[in-house]
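In my numbering, the protein residues as written are 20 to 217.
See structure below.
As structure tokens, then:
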């Protein structure tokens, strides 16, 4: 992303666009300004041609996203992928030079079991969302999702048809496909149709 000020200062052409940009803050949308002309960005021996989103930000700001960082040879390292546990264990860390150091150590991570907060906080949260979980589980499996945008329509002009043949399923995956179709039939999500050739 570039700011309009940066584009003006560096004589970069902006092509206006309508709409909004979803920011990292939930439910905060920023009106679109536009996109730049294609710009060549170089980092060492790597180059990328990219059209930046132009957006109001503080100062003469340029922000390079993850979508082009790897193409420029820029990596993201050392970022936390999980929260820190509140529990600490006393432990021994063996340093590379084989000296042992006593320190506070995090408990070992357990897959799919990393609760956040205290048991009381989790219980309060579950009590608050349980009615929603119950309502969701009460929806028959044969019903369509009621969320906006869940039903997609592909309108075609009157009297026209559109057809694209299903791509072939590899033989190795056929048992998995049969299992999925059997489950959908059992759940009532789909039903068998006997087409009539005309």
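Cβ atoms here follow ideal geometry from the backbone N, Cα and C, with glycine treated the same way.
I need the DSSP call for residue i, collapsed to helix, strand or coil.
i	result
residue 28	helix
residue 165	coil
residue 218	Because the chain is modelled from 20 through 217, residue 218 falls outside the range shown and cannot be assessed.
residue 144	helix
residue 196	helix
residue 190	helix
residue 138	helix
residue 202	helix
residue 152	helix
Between the beta-carbon of residue i and the beta-carbon of residue j, is there less than 7 angstroms?
i	j	result
residue 40	residue 74	yes
residue 53	residue 33	yes
residue 209	residue 196	no
Where DSSP assigns a beta bridge to residue i, which residues make up the other side?
i	result
residue 21	73, 81
If residue i and residue j are in contact, beta carbons under 8 angstroms, what's the gap, nearest whole angstrom?
i	j	result
residue 57	residue 70	6 angstroms
residue 91	residue 68	The Cβ separation is near 11 angstroms, so there is no contact.
Report the residue ranges of all alpha helix (DSSP H) runs contained in full by the segment 32-94; include only those spanning at least 4 residues, in chain order.
Whole alpha helix (DSSP H) segments, 4+ residues: 85-88.
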